[in-house]
Amino acid sequence: MIKYIILGFVSKAIASLDDALTRIPVAASLTKKRKGRIAFSVGTLIALALIIVLAILFSSLIQEFPYTRYIAGFLIFLLAIGVHFNLLSREKRGEKITKKKIKKVHKTKISKLITAGFIVAFITLIDDAVVFIPLFLESTKATISAIIGILIAAIIQIILVVYSAKKISKIKHNKEIASIGLIILAILVIIGII
572 MIKYIILGFV SKAIASLDDA LTRIPVAASL TKKRKGRIAF SVGTLIALAL
622 IIVLAILFSS LIQEFPYTRY IAGFLIFLLA IGVHFNLLSR EKRGEKITKK
672 KIKKVHKTKI SKLITAGFIV AFITLIDDAV VFIPLFLEST KATISAIIGI
722 LIAAIIQIIL VVYSAKKISK IKHNKEIASI GLIILAILVI IGII
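According to the working numbering, the sequence shown is numbered sequentially starting from 572.
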């Protein structure tokens, strides 16, 4: 059980590094107050819950195929390539998430900040579902433990968003760090550690 909590935590931390660094400046630009960043983060948690459900559904589909671990590892490796070469970048697809796109939100109600947090998080977290899939290929107990680990990592990231948004947004080479982490994760999935 502890093993899967740790695996869930590490997987979420690695997979969401680049995403968190995308969400932090957006949250900081939408609201200057801690209450607003908390509302934005609630939207992030709702999006994460939806992503987890999608990953569980997809993992139940690929369990029917032989060599499931190789499929999941290969998907994570492709994700690492996509992250490294900006193939998944919202800027390339014309979906750049900016203050301009969600311009009016910072002057409105908490519910709109929650909605903005959900939208931004869902867009940035959708690729993380690929990383979560191998965690949900085991027993129900292991799946629940992995979800706990994922949620612990998410809460730590949210605390960082709420209290350190400006400092964290200055981290350099996030793309490279995320790519290397994803490649290591893919190898661990393929050899059966995860």
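Note that CB positions come from ideal geometry on N, CA and C, so glycine has one too.
Legend entry - Beta carbon of A626 nearer than 7 Å to that of A724: If you check the CB distance, A626 and A724 do not come in under 7 Å.
Legend entry - Beta-carbon contacts of I577 that lie in its chain and below 8 Å, excluding the five residues immediately before and after: If we look at I577 and ignore the five residues flanking it on each side, its Cβ neighbours are G720.
Legend entry - Under 7 Å between C-beta atoms of G579 and L756: At a Cβ-Cβ threshold of 7 Å, G579 and L756 do not count as neighbours.
Inset, instruction - Just confirm the distance between the C-beta atoms of V613 and G688, as a whole number of angstroms; I'd bet it's less than 8 Å. - result: That belief holds up - the Cβ atoms of V613 and G688 are roughly 6 Å apart, short of 8 Å.
Inset, instruction - Taking the CB atoms as reference points, tell me whether T695 and D590 lie closer together than 7 Å. - result: Yes; because the gap between Cβ atoms is below 7 Å, this pair is in contact.
Legend entry - Between the CA atoms of L753 and R640 - distance to the nearest angstrom: Taking C-alpha positions only, R640 is separated from L753 by approximately 15 Å.
Legend entry - Residues near G607 in its chain [Cβ-Cβ closer than 6 Å; skip 5 each side]: Once the five neighbours on either side are set aside, the close Cβ partners of G607 are L684.
Legend entry - Nearest-angstrom Cβ-Cβ length linking R594 and V691, presumed shorter than 8 Å: Rounded, the Cβ-Cβ distance is 6 Å, consistent with contact.
Legend entry - Beta carbon of L708 nearer than 7 Å to that of S582: Note that the C-beta distance between L708 and S582 is not below 7 Å.
Legend entry - Y734 classed as buried or exposed, judged by whether at least 16 other C-beta atoms fall within 10 angstroms: Exposed.
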